[in-house]
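Take a look at the structure set out below.
Protein chains: 2
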Amino acid sequence: MPRKRATIREVARATGLSPAAVSYALRGMQVSEETMERVRAAAAELGYEADPIARALASGRTGMIGLLCGSLEDLWQQSLAVGISRGLREKDRYALILDAVGDPERERVLAQQLRDQRVDGLIVQPVDPAAPFWAELCESLPVVAIGDALAGTAGEVVFDNRRGVTLALEHLAGLGHRRVAVLTPTQASTPDRPADVHVLAEADRLGLDIEVVSAPHDLAAATSAAHEILSTSRPGAVFCFADSIAYGVYAAAKELGLSIPGDVSVMGYDDHPMSGLLTPGLTTVDWDIDGIVRAAVRLIAAAADGGTRRRRVVQEPTLRERGSVAQAPPAPRPARR
Amino acid sequence: MPRKRATIREVARATGLSPAAVSYALRGMQVSEETMERVRAAAAELGYEADPIARALASGRTGMIGLLCGSLEDLWQQSLAVGISRGLREKDRYALILDAVGDPERERVLAQQLRDQRVDGLIVQPVDPAAPFWAELCESLPVVAIGDALAGTAGEVVFDNRRGVTLALEHLAGLGHRRVAVLTPTQASTPDRPADVHVLAEADRLGLDIEVVSAPHDLAAATSAAHEILSTSRPGAVFCFADSIAYGVYAAAKELGLSIPGDVSVMGYDDHPMSGLLTPGLTTVDWDIDGIVRAAVRLIAAAADGGTRRRRVVQEPTLRERGSVAQAPPAPRPARR
DNA sequence: ACGGTTCAGTGAACCGCTTCACTGTCCTAT
DNA sequence: ATAGGACAGTGAAGCGGTTCACTGAACCGT
């Protein structure tokens, strides 16, 4: 029997004011200092607190920011979510975190759900940046995209993936690797992500013999994908488009008794905190997660507060060398041609 | 200029029915099959979808389940959150994930916030299970607690921490360890968690020389806490009350050039997926996260649907031996007394 | 003394849906 | 034939805030 909470009308009655006045007073607008004090006191007395749902219905705003993650199984995205969540709270906003599970259809549904929840803004790491509904969505609320650019967003924190890919592949090529497997989280349903295109282009430029395989972020699943490729095509190096996936390669290598980097070199992409703890440490492309968090929070807060100018922050990567990449062994036999 | 969405009244007009009838029809109550079809068709035609906010205000229900995590920096809690989020979606509900950052005060605020959001139920991993507001909260909505028991909850998935602690400490004691440091995520503000009490009791029973230190889940912070203790009191073994914290010990050991388990044995508590990947693998207490997720989802769904009977699921741990614990070296000199 | 501003505060109409109490109708049992 | 139920559907009152258009009063300079 939870006793009913006080409503604004009761506060109004208690202070002898109109509900409207109370509403204004509590938000610090249009009323005298003195009334404001009186209202505050009465509200405290009655234990009154505005109902966020009613408020959202009436005003169309909630103070919440939606955070739609492409795949929360990716540890890096988990870190990002936690960081953003914290960053927003410092701005007196709070985040609603949703997970699209790598499924573009679910991504669409959830994005709409968030809009319906009246979030003041949406931060998204798109699974499918090319999906048409983004444009529509961007018209009805401020959207900040992380990773890939989206048409019509209020802001974006984009990764210079071209540079990131170059960094990674040049590192590999520079150490003499030729046959490299690329594990990407790309779904079959969303081919041709910009990042993948870069891989192909760079591989071509560097004369690498590339094999692209898609792998999930989930450790168990990534492990079996890695197991498959390590035991069949036996590449000299594996470049993973997420540290999470690289962890799967470590696990698979362990299962197969392969040594890293002795038998196979591994590169990641993210720099998740755990990557430095592995043995050997994972050589990866560092995207400065703190910088991304700060930028995203700043952009969305500004956009939600009405600052409309589209802003773009480009994140530059750095190579974080640790120990999972070694010089390629001299070619056992000349290239097969 | 996002064109306004259709409302229930427009659907009513289109079908020649009253808004009430439409409302009922869309929820499959009290109307003839034929009307239902007609309404469905019109709704689809107009692209109508019920506004969740208005619905929540009017009905007091949302279909959402709140998930309040004690500290999302704990990787295990992250995994749990992701699992629960997924499990709920399969039940056509969706989770609102919040993070108390290990702060009891924030925990209180967020719990209330969730109640105000009209969540149909709340899953919580309490930072401070002894806080008085829980009892109150449990009266106004179904609560399922994970980890520590809460008075008045609709359900709980409790860990048999007594057993877990026994498992861990007996393992250590059995290998000859005497001086063991215990790193717990306990906040200074919430002493005497049941788990800590068990540690003290068991240590006493096993004749261990215990030093309890609190450490955060965050890798960097955990590392420095571990660094401190490893370099000052140099215990033979460290028992961490969360795998996340154990990761900090690994990092600190690396910094100090200590070998695990040669110089110091390490035990975790959780069994996070990454624990098996470290070198050496982290010996830990496995709580079967999948089982917990399933139980929690089942309990909260049942409770939210009105099943009121209080249910309790006790989770039993198993020891997962990997390689981070070794036989203690023979005492360098007899016990100091 | 007078029109013109400001300022504090009011009433009532929403926001979009749910739900309660009620009206007809048609069917069935007596 | 008639009381009694079921059933389909309606009207209007909310849910608890916000906001728009407006009213008085006080203050301004001239």
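Protein sequence lines correspond, in order, to chains A and B.
Oh and the first sequence: position 336 is 362 in this note's numbering, straight run, nothing missing.
Oh and the second sequence: position 77 is 103 in this note's numbering, straight run, nothing missing.
Note that the Cβ used here is the ideal one computed from N, Cα and C, for glycine as well.
Model, not experiment: these values are computed from the prediction.
Of the residues the options, the one placed nearest residue i, counting alpha carbons only
{"i": "Ala-171(B)", "options": "Val-290(B), Arg-336(B), Pro-356(B) and Leu-43(B)", "result": "Arg-336(B)"}
{"i": "Arg-204(A)", "options": "Tyr-120(A), Asp-186(A), Leu-163(A) and Arg-231(A)", "result": "Arg-231(A)"}
{"i": "Leu-148(B)", "options": "His-298(B), Arg-81(B), Glu-162(B) and Leu-167(B)", "result": "Leu-167(B)"}
{"i": "Ile-90(A)", "options": "Leu-124(A), Gly-96(A) and Arg-134(A)", "result": "Here residue 90(A) is Met; the residue named in the question, Ile, does not match the sequence. Of the listed residues, the one whose Cα sits closest to Met-90(A) is Leu-124(A)."}
{"i": "Pro-152(B)", "options": "Ser-105(B), Pro-211(B), Arg-144(B) and Asp-146(B)", "result": "Pro-211(B)"}
{"i": "Gly-332(B)", "options": "Gly-294(B), Ala-40(B) and Val-169(B)", "result": "Val-169(B)"}
{"i": "Arg-372(B)", "options": "Glu-59(B), Val-65(B) and Val-150(B)", "result": "A question about residue 372(B) goes unanswered here, because the residues of chain B that appear run from 27 up to 363."}
{"i": "Leu-284(B)", "options": "Ser-257(B), Val-37(B), Glu-131(B) and Tyr-295(B)", "result": "Ser-257(B)"}
{"i": "Asp-174(A)", "options": "Val-223(A), Arg-132(A) and Arg-115(A)", "result": "Val-223(A)"}
{"i": "Arg-87(A)", "options": "Glu-133(A), Asp-296(A), Ala-229(A) and Tyr-120(A)", "result": "Tyr-120(A)"}
CB contact flag (residue i, residue j, <9 angstroms)
{"i": "Ala-180(B)", "j": "Phe-159(B)", "result": "no"}
{"i": "Ala-279(A)", "j": "Asp-289(A)", "result": "yes"}
{"i": "Val-292(B)", "j": "Val-264(B)", "result": "yes"}
{"i": "Gly-73(A)", "j": "Arg-31(A)", "result": "yes"}
{"i": "Ile-306(B)", "j": "Pro-287(B)", "result": "Going by the sequence as given, residue 306(B) is Pro instead of Ile. It is a contact, given that the beta carbons lie within the stated cut-off."}
{"i": "Ile-79(B)", "j": "Gln-139(A)", "result": "no"}
{"i": "Val-145(A)", "j": "Glu-99(B)", "result": "no"}
{"i": "Ser-240(A)", "j": "Leu-198(A)", "result": "no"}
{"i": "Ala-329(A)", "j": "Lys-117(A)", "result": "no"}
{"i": "Gly-274(B)", "j": "Ser-250(B)", "result": "yes"}
{"i": "Gln-341(A)", "j": "Gly-317(A)", "result": "yes"}
{"i": "Arg-141(A)", "j": "Leu-163(A)", "result": "yes"}
{"i": "Ile-236(A)", "j": "Leu-226(A)", "result": "yes"}
{"i": "Ile-255(B)", "j": "Ala-177(B)", "result": "no"}
{"i": "Asp-77(B)", "j": "Thr-33(B)", "result": "yes"}
{"i": "Gly-92(A)", "j": "Val-37(A)", "result": "no"}
Span of the alpha helix (DSSP H), counted from its first residue to its last, around residue i
{"i": "Arg-64(A)", "result": "59-72"}
{"i": "Ser-111(B)", "result": "101-116"}
{"i": "Phe-159(B)", "result": "159-166"}
{"i": "Asp-125(B)", "result": "Segment 120-125 is the beta strand (DSSP E) holding Asp-125(B); no alpha helix (DSSP H) there."}
{"i": "Asp-269(B)", "result": "269-282"}
{"i": "Glu-36(B)", "result": "34-41"}
{"i": "Gln-138(A)", "result": "130-142"}
{"i": "Asp-316(A)", "result": "315-330"}
{"i": "Glu-254(B)", "result": "245-258"}
{"i": "Arg-336(B)", "result": "Premise fails: Arg-336(B) is in no alpha helix (DSSP H) and is neither H nor E."}
Contacting residues, own chain, Cβ-Cβ under 6 angstroms from residue i (five flanking each side not counted)
{"i": "Val-339(B)", "result": "Val-183 and Ala-321"}
{"i": "Ala-361(A)", "result": "Any reading at Ala-361(A) must be qualified, since the residue scores a pLDDT of 48, below 50, and its modelled position is unreliable; no value is offered."}
{"i": "Gly-349(A)", "result": "Pro-306 and Gly-307"}
{"i": "Pro-155(A)", "result": "Asp-174 and Leu-176"}
{"i": "Ala-229(B)", "result": "Ile-236"}
Start and end residues, beta strand (DSSP E) containing residue i
{"i": "Ile-149(A)", "result": "147-150"}
{"i": "Arg-204(B)", "result": "Note, Arg-204(B): premise wrong, no beta strand (DSSP E); not H, not E."}
{"i": "Arg-346(A)", "result": "344-346"}
Residue i: CB within 8 angstroms of a non-hydrogen atom of the ligand SAM
{"i": "Ala-137(A)", "result": "With respect to small molecules bound, the structure shown includes none, and the ligand SAM cannot be examined in it."}
Chain A residues whose Cβ lies nearer than 7 angstroms to that of residue i
{"i": "Ile-123(B)", "result": "Ile-123"}
{"i": "Glu-99(B)", "result": "Val-108"}
{"i": "Tyr-295(B)", "result": "The premise fails here: Tyr-295(B) is roughly 17 angstroms from chain A at the closest Cβ pair, so nothing lies under 7 angstroms."}
Cβ shell of residue i (< 8 angstroms), same chain only, five flanking positions each side left out
{"i": "Ala-354(A)", "result": "Leu-201, Gly-202, His-203, Arg-204, Gly-262, Ala-263 and Ser-291"}
{"i": "Pro-28(A)", "result": "Below a pLDDT of 50, predicted positions are generally treated as unreliable, and Pro-28(A), at 47, falls in that range; no measurement from the model is reported."}
{"i": "Met-62(B)", "result": "Ala-51 and Gly-54"}
{"i": "Arg-363(A)", "result": "Only weak support is given to the placement of Arg-363(A): the predicted model assigns it a pLDDT of 46, under 50, and the value that follows is read from those uncertain coordinates. Excluding positions up to five away in sequence, the list is empty."}
{"i": "Ala-252(A)", "result": "Leu-209, Ala-241, Val-264, Ile-271, Gly-274, Val-275, Ala-277, Ala-278 and Ala-279"}
Cross-chain neighbours of residue i in chain B, by beta carbon under 7 angstroms
{"i": "Pro-299(A)", "result": "Leu-245"}
{"i": "Pro-78(A)", "result": "Asp-142 and Gln-143"}
Own chain residues within Cβ distance below 7 angstroms of residue i, not counting five before or after
{"i": "Glu-347(A)", "result": "Thr-309"}
{"i": "Arg-260(A)", "result": "none"}
{"i": "Val-57(B)", "result": "Ala-47, Tyr-50 and Ala-51"}
{"i": "Gln-104(B)", "result": "Leu-98"}
Chain B residues whose Cβ lies nearer than 8 angstroms to that of residue i
{"i": "Thr-305(A)", "result": "Leu-304 and Thr-305"}
{"i": "Ile-172(A)", "result": "The premise fails here: Ile-172(A) is roughly 18 angstroms from chain B at the closest Cβ pair, so nothing lies under 8 angstroms."}
{"i": "Tyr-74(A)", "result": "Within chain B, no residue comes near Tyr-74(A); the closest Cβ sits about 12 angstroms away, beyond 8 angstroms."}
Neighbouring residues, chain B, relative to residue i (Cβ below 9 angstroms)
{"i": "Tyr-276(A)", "result": "Leu-303"}
{"i": "Ala-82(A)", "result": "Ile-79, Ala-82 and Leu-83"}
{"i": "Ser-259(A)", "result": "Neighbours of Ser-259(A) on chain B: none; closest Cβ ~23 angstroms, over 9 angstroms."}
Chain-ordered chain A contacts of residue i [CB-CB under 8 angstroms]
{"i": "Ser-85(B)", "result": "Simply none; closest approach about 10 angstroms."}
{"i": "Ala-241(B)", "result": "Those do not exist, as Ala-241(B) stays about 15 angstroms from chain A at its closest Cβ, beyond 8 angstroms."}
Where residue i meets chain A, residues with beta-carbon distance less than 9 angstroms
{"i": "Gln-104(B)", "result": "Leu-98, Leu-101, Gln-104, Ser-105, Ala-107 and Val-108"}
{"i": "Tyr-273(B)", "result": "Pro-299, Met-300 and Leu-303"}
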